[in-house]
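Before any comments, here is the structure.
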Amino acid sequence: MNDLIVYGVGSLRSLRVHWMLQELGISYKTELIQSRSQQMQTSAYTAIHPGRKIPSLQDGDLIISESAAICLYLAERYGGGKFLPDVEIEQRARFFQVCFYVMTELDAHTLYVIAKHGGSLVQYYKPSPEAVEVAINGFNQQILVAESWLEDTKSYILGGAFTVADILLCTCLMSALRLAVQFPLQIPHKLIVYAENLQARKAFQLAEIANQKAVSV
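Residues 2 to 218 in the working numbering are what the sequence shown lists, from first letter to last.
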């Protein structure tokens with residue numbers, strides 16, 4: 002195995018990558034780069050990610066960005082058949098539907114808009130109450146779709162096995178719960194319990210520690 006390097010700490014998106022690696026139980030190195038930090042602006046990191054965002058992953062000569070893509074790559078490369086659905090095309094289609102829905106309708110389209118234009122990131126972007134209102138309404142509608150996917154008798158979003166989709170959805174729910182302190186987000190109780198149960202996993206707890214490492218000044 003090549004030496005794995007994760008670039009990024011301190012965000013829920015970087016947490017996804019640390020969580021995936023902890024579930025896999027493989028060793029890796031962490032470069033302590035935070036969002037909007039001076040380290041991110043260096044030529045060295047720009048060579049890793051020209052968009053100057055975290056997280057990024059380096060695996061030998063391969064460099065990948067986008068947290069969902071990194072998690073999917075790690076599961077494919079090192080998971081030995083775990084953390085992904087079975088090979089049947091119908092199950093894989095369902096898996097990708099959930100992953101893409103979470104990353105677009107929940108993460109980018111609603112939660113990130115709320116954070117950017119009214120929440121903790123508003124200092125970096127233009128405040129927009131109108132955009133926040135639209136995003137809140139969108140989240141409250143779209144989260145019901147995720148709720149409908151979670152069977153009452155199952156612990157995971159795709160049924161009986163923990164997959165990358167659970168990492169993506171759980172971290173979005175964590176973001177939503179933080180924003181719900183300030184904004185009227187309607188998070189179904191079933192999904193709150195689901196996220197709490199996932200956060201009890203040992204790999205998640207180790208990932209939180211790795212993701213919270215102090216950055217040297």
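Ideal Cβ placement from N, Cα and C applies to all residues, glycine included. These numbers come from a predicted model, not from an experiment.
*Cβ-Cβ distance between T111 and F84 below 8 angstroms*: Cβ atoms of T111 and F84: not closer than 8 angstroms.
_Contacts around Q59, its chain only, beta-carbon distance under 6 angstroms, and the 5 residues preceding and following it disregarded_ = Correct list, in chain order: I6.
*Which residues mark the beginning and the end of the beta strand (DSSP E) in which T172 is found?*
From DSSP, T172 is part of no beta strand (DSSP E) but of the alpha helix (DSSP H) over V165 to L180.
*asked:* Looking at the secondary structure, which residues open and close the beta strand (DSSP E) in which I6 lies?
replied: Element bounds for I6: L5 to Y8.
*asked:* Could you compute how far the alpha carbon of D62 sits from the alpha carbon of V182?
replied: If you take the alpha carbons of D62 and V182, they lie about 42 angstroms apart.
*Whole angstroms is fine: what's the gap from C171's alpha carbon to R179's?*
Those two C-alpha atoms are separated by around 13 angstroms.
*Can you give me the Cβ contacts of D4 inside the same chain, cut-off strictly under 7 angstroms, excluding the 5 residues immediately before and after it?*
Correct list, in chain order: K30.
*asked:* In whole angstroms, give me the CA-to-CA distance for V103 and L169.
replied: If you draw a straight line from the Cα of V103 to the Cα of L169, it is about 7 angstroms long.
*Would you mind working out which of G160, I137, L25 and E197 sits nearest R78, comparing C-alpha positions?*
Of the candidates G160, I137, L25 and E197, the one whose C-alpha sits nearest the C-alpha of R78 is L25.
*Taking Cβ positions only, does Y126 come closer than 8 angstroms to chain B?*
Going by chain labels, chain B is absent from the structure shown, which holds only one protein chain.
*asked:* I'd like to confirm the pairing. Which residues does DSSP put opposite E32 in its beta bridges?
replied: E32 pairs with Y8.
*So is V216 buried or exposed if we call it buried at 16+ other beta carbons inside 10 Å?*
With a pLDDT of 43 at V216, under the threshold of 50, the modelled position of this residue cannot be trusted; read the value that follows with caution. For V216, the number of other beta carbons within 10 angstroms of its own is below 16, and it is reported as exposed.
*Output the boundary residues of the alpha helix (DSSP H) element that contains Q206.*
Q206: member of the alpha helix (DSSP H) spanning K203 to N212, first to last residue.
*Rounded separation between T105 and A70 - CA only*: For T105 and A70, the distance between alpha carbons rounds to 13 angstroms.
*Give the DSSP bridge partners of I65, in chain order.*
Looking at the DSSP output, I65 sits in a beta bridge with L58.
*asked:* According to DSSP, simplified to helix, strand and coil, what is Y113?
replied: Y113 falls in the helix class under three-state DSSP.
*Just grab the DSSP bridge partners of Y157 for me.*
In the DSSP output, where bridge partners are listed per residue, Y157 has G160.
_Cutoff 6 angstroms; reference S66; Cβ partners in own chain excluding five residues on either side_ = Close CB contacts of S66 within its chain, under the 6 angstroms cut and outside five residues either way in sequence, are with H50 and S57 (chain order).
*Which residues in the same chain have their Cβ closer than 8 angstroms to the Cβ of Q42, if we skip the five residues on either side of it in sequence?*
The beta carbon of Q42 lies closer than 8 angstroms to those of R53 in the same chain, with the five residues before and after it left out.
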